[in-house]
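One point on numbering: in full-length UniProt numbering, the residue at position 180 of the sequence shown is 180, and numbering is uninterrupted.
C-beta: ideal position from N, C-alpha, C; glycine also.
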Amino acid sequence: MRGIDYRWVAALDAVIAQRGFERAAEKLCITQSAVSQRIKQLEKLMAQPLLVREQPPRPTAAGQKLLGLYRRVRLLEQEVLPEITPDDISQPLSVALATNADSLATWLLPALSPLLKSRFIELNLLVEDEARTLDKLRSGEVVGAISMEAGVIPGCVADYLGRMNYLCVASPDFQQKYFSNGVTQTNLISAPGVVFDHHDDMHEVFVQQYFHLPIGSVMKHTVRSSEAFVRIATEGIAYCLIPEVQIQRELDRGDLVNVTPELSLVRDLYWHHWALESGVLTELSERLIQYARQVLPQ
């Protein structure tokens with residue numbers, strides 16, 4: 001098979017990013033017909049559909065893999081060309097990472113801070129539940145992902161970062177209202193908790209593992225913010241599972257109480273990234289791994 005004409009893939013990428021052929025044509029400064037023709041040529045080369053032509057258009061599984069390859073090539077291009085033409089520093093290096101909200105709220109930004117201050121980088125953080133961040137790496141949307149999964153994606157490596165210890169906490173008033181005699185099956189059913197989204201099963205795992213309550217038997221607010229978890233707990237709205245590293249100050253001040261001091265959940269975190277990295281991406285991975293291993297229990 002002859003090599004891919006990346007102008008064709010750029011057309012596919014533009015249609016997905018711009019959510020339509022007309023805006024993709026404007027972005028690429030070509031006609032809408034030319035955009036359609038380039039994608040058809042690419043599909044002919046690949047001998048399969050690469051685009052689901054609905055509104056908005058979306059890539060097929062093969063199209064998503066091809067876009068992942070294209071974005072990797074573009075990223076390497078962005079990184080290598082300034083080394084060849086050092087006077088051209090007008091365009092930042094665009095780096096997309098997938099992270100869970102708890103890492104973003106605690107250790108991730110301090111880990112990346114020195115690099116972001118010293119390099120011309122445009123950072124794009126995609127926040128997902130830690131069980132789904134790898135989907136972003138598989139699809140090619142990001143160059144690295146923080147995940148609880150240890151299994152390695154082909155072409156990538158997974159470096160162990162450390163543990164996150166989740167404590168079940170509440171405000172003193174909430175504890176007195178619902179858990180004055182300790183946490184039990186009975187009072188858990190009436191006490192509101194919090195989850196990140198409908199994919200977040202940590203809360204259900206906790207009450208099922210330690211209190212043998214069936215799935216769906218407890219009340220849960222849904223809040224897509226790790227920082228808001230802390231606020232909800234300190235306001236006495238709900239009890240929460242929160243990383244210990246995130247709430248040490250609140251625990252020391254007595255704003256939050258560990259309502260199950262003998263029980264916690266532990267989650268191992270891994271940094272998944274391409275096996276073949278260079279330059280800024282290598283430095284990013286090294287800094288991230290080193291910092292995480294310093295601040296997270298091993």
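In this structure, A11 places its C-beta atom within 8 Å of the C-beta atom of R38. For E141, there is no enclosing alpha helix (DSSP H), as DSSP marks it with neither H nor E.
Within its own chain, the residues whose Cβ lies closer than 7 Å to the Cβ of G162, once the five positions on either side in sequence are excluded, are L269, A292, R293, L296, P297, Q298, listed in chain order.
In the DSSP assignment, L241 falls within the unbroken beta strand (DSSP E) covering 240–243. Of the residues L51, A47, L45, the one whose Cα lies closest to the Cα of A17 is L51. Proximity of the stretch 163–176 to the stretch 227–243 meets the contact definition, three or more beta-carbon pairs being nearer than 8 Å. The count of Cβ pairs closer than 8 Å, one atom from the stretch 186–204 and one from the stretch 122–140, reaches three, so the stretches are in contact. Taking a cut-off of 8 Å for Cβ pairs, the stretch 136–146 and the stretch 97–113 touch, as three or more such pairs fall below it.
Counting the other CB atoms within 10 Å of its CB gives P243 a total of 16 or more, which places it among the buried residues.
The DSSP assignment places complete alpha helix (DSSP H) segments of no fewer than 4 residues inside the stretch 157–233 at 172–178, 185–190, 202–211, in order along the chain. Counting C-beta atoms within 10 angstroms of its own C-beta, T106 has 16 or more neighbours from the protein chains shown and is therefore classed as buried. In terms of Cα proximity to R58, the closest of G20, S36, P192, P154 is G20.
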